[in-house]
Amino acid sequence: MDTNTIYKGTTTIGLKCKDGVVLVSDSRASMGSFIASKEARKIYKISDHVAGTVAGSVGDAEKFMELLNVEAAFYRMQNGRELSPKGITSLGTTILHANRYYPYLVQILICGYNTETNLGEIYSIDPIGGVTEEDAASTGSGSLTAYGVLEAEYSAEKTIEENLKLGIKALGIAMERDSATGNHIRSAFITREGYKELPKDEVKKIYDEVKRK
Numbered sequence: 005m006d007t008n009t010i011y012k013g014t015t016t017i018g019l020k021c022k023d024g025v026v027l028v029s030d031s032r033a034s035m036g037s038f039i040a041s042k043e044a045r046k047i048y049k050i051s052d053h054v055a056g057t058v059a060g061s062v063g064d065a066e067k068f069m070e071l072l073n074v075e076a077a078f079y080r081m082q083n084g085r086e087l088s089p090k091g092i093t094s095l096g097t098t099i100l101h102a103n104r105y106y107p108y109l110v111q112i113l114i115c116g117y118n119t120e121t122n123l124g125e126i127y128s129i130d131p132i133g134g135v136t137e138e139d140a141a142s143t144g145s146g147s148l149t150a151y152g153v154l155e156a157e158y159s160a161e162k163t164i165e166e167n168l169k170l171g172i173k174a175l176g177i178a179m180e181r182d183s184a185t186g187n188h189i190r191s192a193f194i195t196r197e198g199y200k201e202l203p204k205d206e207v208k209k210i211y212d213e214v215k216r217k
């Protein structure tokens, strides 16, 4: 393994809510003990109702998400409708499994809103294509810390507003404990109306609020 590869050291979080899904990440990319970027992108919109988070090699993550975007757009052009969250997950697992002998060094969360069932869906995918469906999931080096917060406070019956606060709180605590997680908190959510990223100032306002509690 190339020690000069830049990794998104990372913590990412996906939370299912009663009215959609929430995605949260930090923005630090590291190369060993060196902070290679303070503005790394880790939440990617794939379609109007599906997005993904990435942890792992920057190059592998960007290429993988690019492939998913292209395939999802091609499906939409051919069929006149979007791939479901599960459909995009199946596409992702096929790509990763086909490359299992030269794997993408990534951990992926596919998070989406199924407009047919009116339910949020979250899938965790490992580097060789193994997949599990989750209500709450976290990836990356700070995930153990994040899970400690989520296990105590998470509920799928909470609203997006409530779980946004929880996800940002869990990410903030991971930033305090994990040196590879840091800089800025990014967040987005998906409802029946579609994908929306929170402005930086709104995320900071929520973080300042939950940090005081």
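Our numbering puts the first residue of the sequence shown at 5, with every later residue one more than the last.
Positions of the beta carbon are idealized from the N, C-alpha and C atoms, including for glycine.
Small disclaimer: the values here were computed from a predicted structure and weren't measured.
Worksheet item: Closest by CA to residue 172, which one among 22, 106 and 31?
Response: Checked all of 22, 106 and 31; the closest Cα to residue 172 is 31.
Worksheet item: Any idea what DSSP makes of residue 157, helix, strand or coil?
Response: helix
Fill in: Candidates 24, 70, 97 and 180, of which the one nearest residue 46 by Cα
70
Discussion item. What would DSSP say about residue 197, mapped onto helix, strand or coil?
Written reply: coil
Worksheet item: Among the residues of its own chain, which have a CB less than 6 Å from the CB of residue 202, if the five just before and after it don't count?
Response: 191
Discussion item. Measuring straight from C-alpha to C-alpha, what distance separates residue 25 and residue 214?
Written reply: Straight-line Cα distance between these residues: approximately 19 Å.
Fill in: For residue 32, three-class secondary structure by DSSP
coil
Fill in: residue 49 - partner residues in DSSP beta bridges
Beta-bridge partners of residue 49 (DSSP): 55.
Fill in: the stretch 69-84 touching the stretch 130-140, judged by at least three CB pairs closer than 8 Å
A contact between stretches requires three or more CB pairs, one per stretch, nearer than 8 Å, and the stretch 69-84 fails this requirement with the stretch 130-140.
Item to complete: Compare the C-alpha of residue 230 against each of 181, 197, 161 and 174 and name the closest.
Response: Given that the chain is displayed from residue 5 to residue 217, the structure contains no residue 230 and the question cannot be resolved.
Discussion item. Could you compute how far the alpha carbon of residue 100 sits from the alpha carbon of residue 14?
Written reply: 20 Å
Practice prompt. Assign residue 156 to buried or exposed, taking buried as 16 or more other Cβ atoms, counted over all protein chains shown, within 10 Å of its Cβ.
Written response: exposed
Worksheet item: Roughly how far, in whole angstroms, is the beta-carbon of residue 193 from the beta-carbon of residue 27, given that I think they are within contact range, below 8 Å?
Response: 7 Å
Worksheet item: Is the beta carbon of residue 17 sitting closer than 8 Å to the one on residue 102?
Response: no
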